[in-house]
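Contents: one structure, followed by commentary.
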Amino acid sequence: MERDAGSPEFNPLRFPPCACPRCRPGPDAAADGVGDADGADADGDSALLRQLRARVVEENALRLSLRRQPS
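Counted the way full-length UniProt numbering counts, the sequence shown spans residues 1 to 71.
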């Protein structure tokens, strides 16, 4: 298939913006006014990443406490 020399290969105006949680800011990002367009704070961590890290730390602590219990 031949293309015209002036036709763009990709035109972002033809596609809607991404609606995934990673690309769109959450409802709390606009309310607090802290962070950039990606929802990151001054440390560069997004709220989702902070929640994930907290969950991993909590799960690791639970695993460690189960290992320390005598059988």
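Beta carbons are placed, not taken as given, at the ideal position from N, Cα and C, and that holds for glycine. If you're wondering where the values come from, they're calculated on a predicted model, not measured in any experiment.
Sheet register partners of SER65 (DSSP bridge) | According to DSSP, SER65 shares a beta bridge with no other residue.
Compute the Euclidean distance between the alpha carbons of CYS23 and ARG63, then round it to the nearest angstrom.
-> Computed Cα separation, rounded: 33 Å.
With 16 as the cutoff for other CB atoms within 10 Å, does VAL34 come out buried or exposed?
-> Because the pLDDT of VAL34 is 49, which lies under 50, any placement of that residue in the model is unreliable, and the number read from its coordinates should be weighed accordingly. VAL34 counts as exposed, since fewer than 16 other C-beta atoms from the protein chains shown sit within 10 angstroms of its C-beta.
For SER65, does the count of other Cβ atoms within 10 angstroms reach 16, so buried, or fall short, so exposed?
-> Looking at its Cβ environment, which holds fewer than 16 other Cβ atoms inside 10 Å, SER65 is exposed.
From LEU48 to GLU58, what does the alpha carbon distance come to, in whole angstroms?
-> Going by the C-alpha atoms only, they are around 15 Å apart.
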